[in-house]
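Engineer: To convert, take the position in the sequence shown, counting from 1, and add 135; that gives this note's numbering. Take this structure first; my questions come after.
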Amino acid sequence: MTHPAGTDALAAWAGPALRTAELAGAPHPGSIVSRGETRSVPASENPRSAASVVFEGIEKIYATPSGSVQALKDISIEIRQGEIFGFIGRSGAGKSTLIRLINRLERPTSGTVVVNGVTASGLVGEGLVQLRRRIGMIFQHFNLMSAKTVAQNVALPLVMAGAPRRQIDRKVEELLSLVGLSDKRDAYPAQLSGGQKQRVGIARALVHDPDILLCDEATSALDPETTQSILGLLREINRSNGITVVLITHEMAVIREICDRVAVLDHGRIVELGDVWKVFGNPEHEVTKSLLGQIEHGIPDDLTDRLQPGFPAGAGTLLVRATFLPESGGAPDLQAVLKVVHGPVQLLDSAVDRIRGHTVGRLLVAVPSEGNRPEEIETRLGSLPPNVQVEVLGHVSAPV
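Take a look at the structure:
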């Protein structure tokens, strides 16, 4: 579905009503419900301790001239306080709709969204203003005012809220320093690079000291080097301020670089959910495997066309992939695969990634089919530790 970005930005900054006295409004006390478990959140707790998002049984249906379109189906998930959580999926999977439920740019057709202990889906008026001031949002296309300077763009939400000029100036200087743009305060958007424009957008999203930062394809319009710098900035903001970061992207490289956990969406449903290192190391759903194909080394091109499924009727060469998933840090045991296959082993590809403090190893080898029949390999798999997984991808009829 399409969303008017400029309208979204104005709503995200200010809400339907403005009152200066509520500029620094604290999150409401209440309860957070997570898959049947309810825990109270006393008002005396640190406000950031309640900064989590809970989706319970979310459905979203759009009415279109050609009929109803179901964008989200039975979404139930909790985003923990202080984590960096990613939603990934193909175009049309429901990512943008889902993230806009958090700051009520969208309403669910059914189900409940709880933000900072408050049921967000029922808020109106001043309650909605308070919610949106606890949530910052950055967009793919920056949404900067071309006729305003960098400082004026960052200050805009505070100006709209009627904050005192001294407070505005102090906050703008603080945020421009945070994002590394103190020397650009009087520049105009046309004089900035894409990465600098996004840094302005990040600074603007932080003016109300939010508990939660939403990132809607925040790096999709940037080159790889600039993407890395923006992700580094988001990671530093998360670490230093304890802000919960929720991002959506179609790029698995972004998820791997910054996220603690990830949910994979497909046709409005969550098809896979877990710690990033586990999902990357052992993807279970075909959509996840396809998305991972963007960044992983696969079967060499010269073998792809020759690869046939299963085992050969006679002599042949098997392509075998091993994945190593240590439950905690430490190097994977690359010798473990030799316990499963017999005969000479030809290395085709290997990689060791360090993902969120965990080492994930991958090995692609070619072995002769003789001595490696399905029943023989199945028997040997029992000798492997649970964090080593071996998969026969198929065979080729000639040596590799």
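C-beta atoms are modelled at their ideal positions from N, C-alpha and C, and glycine is treated no differently. If you're wondering where the values come from, they're calculated on a predicted model, not measured in any experiment.
For the beta strand (DSSP E) that contains residue 473, what are its first and last residues?
Structural biologist: Looking at the DSSP string, residue 473 is not in any beta strand (DSSP E), and its letter there is neither H nor E.
Engineer: In chain order, what residues of the same chain lie with their CB nearer than 6 Å to the CB of residue 506, ignoring the 5 residues before and after it?
Structural biologist: 477 and 478
Engineer: Rounding to the nearest angstrom, what Cα-Cα distance links residue 370 and residue 392 in this structure?
Structural biologist: Spanning the alpha carbons of residue 370 and residue 392 requires a straight line of approximately 10 Å.
Engineer: What residue range is occupied by the uninterrupted beta strand (DSSP E) comprising residue 205?
Structural biologist: Here the beta strand (DSSP E) through residue 205 covers 202-214.
Engineer: Answer yes or no: do residue 258 and residue 238 have a C-beta to C-beta separation smaller than 8 Å?
Structural biologist: no
Engineer: The alpha helix (DSSP H) with residue 318 in it runs from where to where?
Structural biologist: Counting along the chain, residue 318 falls outside any alpha helix (DSSP H), and DSSP gives it neither H nor E.
Engineer: Restricting to Cα atoms, I'd like to know which of 213, 201 and 199 is closest to residue 192.
Structural biologist: 213
Engineer: Taking C-alpha atoms, which residue in 470, 245 and 492 lies nearest to residue 520?
Structural biologist: 470
Engineer: What is the DSSP secondary structure of residue 405, reduced to helix, strand or coil?
Structural biologist: strand
Engineer: Kindly list the residues whose CB is nearer than 7 Å to the CB of residue 514, restricted to its own chain and excluding five residues on each side of it in sequence; keep chain order.
Structural biologist: none
Engineer: State buried or exposed for residue 316, treating a residue as buried only when at least 16 other CB atoms are found within 10 Å of its CB.
Structural biologist: Residue 316 comes out buried.
Engineer: Note down, in chain order, each residue of its chain lying with its Cβ closer than 6 Å to the Cβ of residue 423, except the 5 sequence neighbours on either side.
Structural biologist: Listed in chain order, the non-local C-beta contacts of residue 423 below 6 Å within the same chain comprise 399 and 407, local neighbours out to five positions each way being set aside.
Engineer: Can you look up residue 421 in the DSSP assignment and give me helix, strand or coil?
Structural biologist: helix
Engineer: DSSP three-state call for residue 515: helix, strand or coil?
Structural biologist: DSSP places residue 515 in helix when its eight states are reduced to three.
Engineer: Do residue 356 and residue 382 have their CB atoms nearer than 8 Å?
Structural biologist: no
Engineer: Please classify residue 305 as buried or exposed, where buried requires at least 16 neighbouring CB atoms within 10 angstroms.
Structural biologist: exposed
Engineer: Which residues in the same chain have their Cβ closer than 7 Å to the Cβ of residue 329, if we skip the five residues on either side of it in sequence?
Structural biologist: 356, 357 and 361
Engineer: Could you compute how far the alpha carbon of residue 342 sits from the alpha carbon of residue 290?
Structural biologist: 8 Å
Engineer: I'd like the list of long-range same chain contacts for residue 196, defined as Cβ closer than 8 Å, with 5 residues on each side in sequence excluded.
Structural biologist: 203, 204, 205, 206 and 244
Engineer: Which word fits residue 256, buried or exposed, when buried means at least 16 other C-beta atoms lie within 10 angstroms of its C-beta?
Structural biologist: Classification of residue 256: buried, given that the 10 Å Cβ count is 16 or more.
Engineer: Quick check on the DSSP output: the alpha helix (DSSP H) that includes residue 330 runs from which residue to which?
Structural biologist: Its alpha helix (DSSP H) spans residues 329-340.
Engineer: Going by alpha carbons, who is nearest to residue 272 out of 344, 227, 529 and 497?
Structural biologist: Among 344, 227, 529 and 497, the Cα nearest to that of residue 272 belongs to 344.
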